[in-house]
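Asks: For reference, the structure I am asking about is given below.
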DNA sequence: GTCTATAGCGAGATAGAC
DNA sequence: GTCTATCTCGCTATAGAC
């Protein structure tokens, strides 16, 4: 009986704690991703979370600590899936391209500010890429090499036209990532609303792969 | 004789004034473009210009004033040339693509941080695109329509495969702009130095057009 | 755990001497 | 025109009551 009450109290207490802590992280993720570190005010995060600003300091030491936590999560979100496809063995170049394109566009459509956030924060502080890249255990050189080997193989087999692996890779990434990075410009310049933009991205999931394959196939 | 001295004085005085004013704008252009408005400290601009910080306020009222001046210039730099090619009449789609690609990559290679700067500032404050777009007298709808008409024409003439004009346009812009936007990431991930990166961009000036044309031609 | 009050600092902007 | 000194304010962070 008492135990029951006690457990409820503990449970409630823990739940409340998690709720606030969680609210902070969620809010900080939103605000940091939209505005970047420099333009973010801790007050904006508190407001977004609907809590008192000093609670940020109770749960996390300071602004930088919260940012680091969030950057690590978002960094993984941005790179991890792509790297898994990259590593995949026994798969044709064309299929690899299809998977990469579909994954990147799907992921970035769900998180429209993510690419711009990662890119600008790294541009302001290139060390971030080294540091969090290590944490993620990613080895760009190996991956790059394996992709270039695959491209070289398909050229030799006369399946695709000659092209440098790194140029092809840049093309794939460009076609997937840029539309999301430049979304605020595209919406205005092309005079489309959110829904239409969503449809355009949905269309790109398949069209971009075919565009690339047409460009390189013999 | 006196006149001579006087003229020299005036000349010197004007030259000194212009020198400082010019130094400030140049420094502010560098710093703002690299770091963005929010992360820029007026002290950083002063240091870059090699002048006392209070001189910024003597020549320009405040930080925002300097930023507005610079943003307008850089905005034009980013959009103007492309829009001129866009407007060009009596030119085939393929040639238009070649010109756009060459121009964009050349311009952005000269100003590697420009695209990221324009995109992030507009993302933080979309009004900037409307406001400075008007000043530049650009009419996206007309240009978009003319490009889409041209694409529709080439499809009808059986020169290219069916593709939406806006998707093709996005592809062109992506392939040109993204590599520069993501340059800090690409340098590390592909393990290339500045010179190599420059060569890669030089190569892209022609290869990207051919990539696109191969992708769409029948 | 959450709040109010406040310390402390950094950055933008101004006053005034030279 | 350029400098030093200073004001002011906004933002981060902490102390301490509840």
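Chains as they are written, first to last, in our numbering: chain A, -11 to 206; chain B, -11 to 206.
The C-beta atom is built at its ideal place from N, Cα and C for all residues, glycine as well.
State yes or no: is the beta carbon of residue 150(A) nearer than 7 angstroms to at least one beta carbon in chain B?
Replies: Start at 1 with the first residue of the first chain, and residue 150(A) comes out as number 162. Chain B, which has no Cβ nearer than 7 angstroms to the Cβ of residue 150(A), makes this no.
Asks: With a CB to CB cut of under 8 angstroms and the five nearest residues on each side skipped, what residues in its chain are close to residue 18(B)?
Replies: On the second chain, residue 18(B) is found 30 positions in, with the first residue counted as 1. Cβ neighbours of residue 18(B) beyond the five flanking positions: 36.
Asks: Just mark residue 123(B) as buried or exposed, buried being the case when its beta carbon has 16 or more other beta carbons within 10 Å.
Replies: As a position in the second chain, residue 123(B) is number 135, starting the count at 1. It counts as exposed.
Asks: How close, in whole Å, do the beta carbons of residue 205(A) and residue 147(A) come, if the pair is a contact with beta carbons under 8 angstroms?
Replies: Within the first chain, numbered from 1, the residue matching residue 205(A) stands at position 217. Within the first chain, numbered from 1, the residue matching residue 147(A) stands at position 159. Yes, residue 205(A) and residue 147(A) are in contact; Cβ-Cβ is about 7 angstroms, under 8 angstroms.
Asks: Quick one: give me the first and last residue of the alpha helix (DSSP H) that residue 120(B) is part of.
Replies: Locating residue 120(B) in the second chain gives position 132, counting from the first residue. Run containing residue 120(B): 115 to 123, per the alpha helix (DSSP H) assignment.
Asks: Can we say the segment 180 to 187 of chain A touches the segment 67 to 75 of chain A, given the rule of at least three CB pairs closer than 8 angstroms?
Replies: No: the two stretches stay apart, fewer than three of their Cβ pairs being nearer than 8 angstroms.
Asks: Which whole-angstrom value describes the C-beta separation of residue 110(A) and residue 173(B), a residue pair presumed to lie in contact below a C-beta threshold of 8 angstroms?
Replies: The residue given as residue 110(A) occupies position 122 in the first chain. The residue given as residue 173(B) occupies position 185 in the second chain. Going by Cβ atoms, the distance from residue 110(A) to residue 173(B) rounds to 6 angstroms, so yes, they are a contact pair.
Asks: Thinking residue 13(A) and residue 58(A) are a contact (beta carbons under 8 angstroms), I'd like their distance in whole angstroms, please.
Replies: The sequence position of residue 13(A) within the first chain is 25, counting from 1. The sequence position of residue 58(A) within the first chain is 70, counting from 1. With a Cβ gap of about 7 angstroms, residue 13(A) and residue 58(A) count as contacting.
Asks: Can you pull the chain B neighbours of residue 112(A), defined as C-beta to C-beta under 7 angstroms?
Replies: Locating residue 112(A) in the first chain gives position 124, counting from the first residue. By Cβ distance, chain B contributes 23 and 27.
Asks: For the segment 124 to 143 of chain A, which residues have a beta carbon sitting closer than 7 angstroms to at least one beta carbon of chain B?
Replies: Within the segment 124 to 143 of chain A, the residues whose Cβ lies closer than 7 angstroms to some Cβ of chain B are 128, 129 and 132, listed in chain order.
Asks: Going along chain A in order, which residues have a C-beta closer than 7 angstroms to the C-beta of residue 33(B)?
Replies: As a working note, residue 33(B) is residue 45 in the second chain. Neighbours of residue 33(B) on chain A: none; closest Cβ ~15 angstroms, over 7 angstroms.
Asks: Got a sec: is the Cβ-Cβ distance from residue 154(A) to anything in chain B below 7 angstroms?
Replies: On the first chain, residue 154(A) is found 166 positions in, with the first residue counted as 1. By this cut-off, residue 154(A) is an interface position.
Asks: Under the criterion of a Cβ to heavy atom distance below 6 angstroms, does residue 32(B) qualify as lining the ligand SAM?
Replies: You won't find the ligand SAM in this model; it holds no ligand whatsoever.
Asks: Taking contact to mean at least 3 C-beta pairs separated by less than 8 angstroms, is the segment 148 to 164 of chain A in contact with the segment 93 to 100 of chain B?
Replies: Contact between the segment 148 to 164 of chain A and the segment 93 to 100 of chain B is absent, because fewer than three Cβ pairs lie under 8 angstroms.
Asks: From 107(A), 68(A) and 105(A), pick the residue whose C-alpha is nearest to that of residue 88(A); which is it?
Replies: If you number the first chain from 1, residue 88(A) lands on position 100. Looking at the Cα atoms, 68(A) is the closest of the given residues.
Asks: On a Cα-Cα basis, can you pick out the residue from 176(B), 6(B), 141(B) and 54(B) that is closest to residue 29(B)?
Replies: Counting from one through the second chain, the residue named residue 29(B) turns up at place 41. Measuring from the Cα of residue 29(B), the nearest candidate turns out to be 54(B).
Asks: Considering only C-alpha positions, which residue in the set 201(B), 118(B), 24(B) and 43(B) is nearest to residue 178(A)?
Replies: Translated into the one-based positions of the first chain, residue 178(A) becomes position 190. Ranking 201(B), 118(B), 24(B) and 43(B) by Cα distance to residue 178(A) puts 118(B) first.
Asks: Tell me, please, whether the CB atom of residue 120(B) is closer than 7 angstroms to any CB atom in chain A?
Replies: Sequence index remark: in the second chain, residue 120(B) carries index 132 (1-based). Not closer than 7 angstroms to any Cβ of chain A, the Cβ of residue 120(B) fails to qualify, so no.
Asks: What's the gap between the Cα of residue 7(B) and the Cα of residue 15(B)?
Replies: On the second chain, position 19 is the one that residue 7(B) refers to. On the second chain, position 27 is the one that residue 15(B) refers to. One C-alpha to the other measures close to 12 angstroms.
Asks: Could you tell me the alpha carbon to alpha carbon distance between residue 92(B) and residue 169(B), rounded to whole angstroms?
Replies: If you number the second chain from 1, residue 92(B) lands on position 104. If you number the second chain from 1, residue 169(B) lands on position 181. Approximately 12 angstroms between the Cα atoms of the pair.
Asks: So, at 7 angstroms on beta carbons, what are the nonlocal neighbours of residue -4(B) in its own chain, with the 5 sequence-adjacent residues on each side left out?
Replies: As a working note, residue -4(B) is residue 8 in the second chain. Because the pLDDT of residue -4(B) is 38, which lies under 50, any placement of that residue in the model is unreliable, and the number read from its coordinates should be weighed accordingly. Counting only Cβ-Cβ distances below 7 angstroms, and skipping sequence neighbours, we find nothing.
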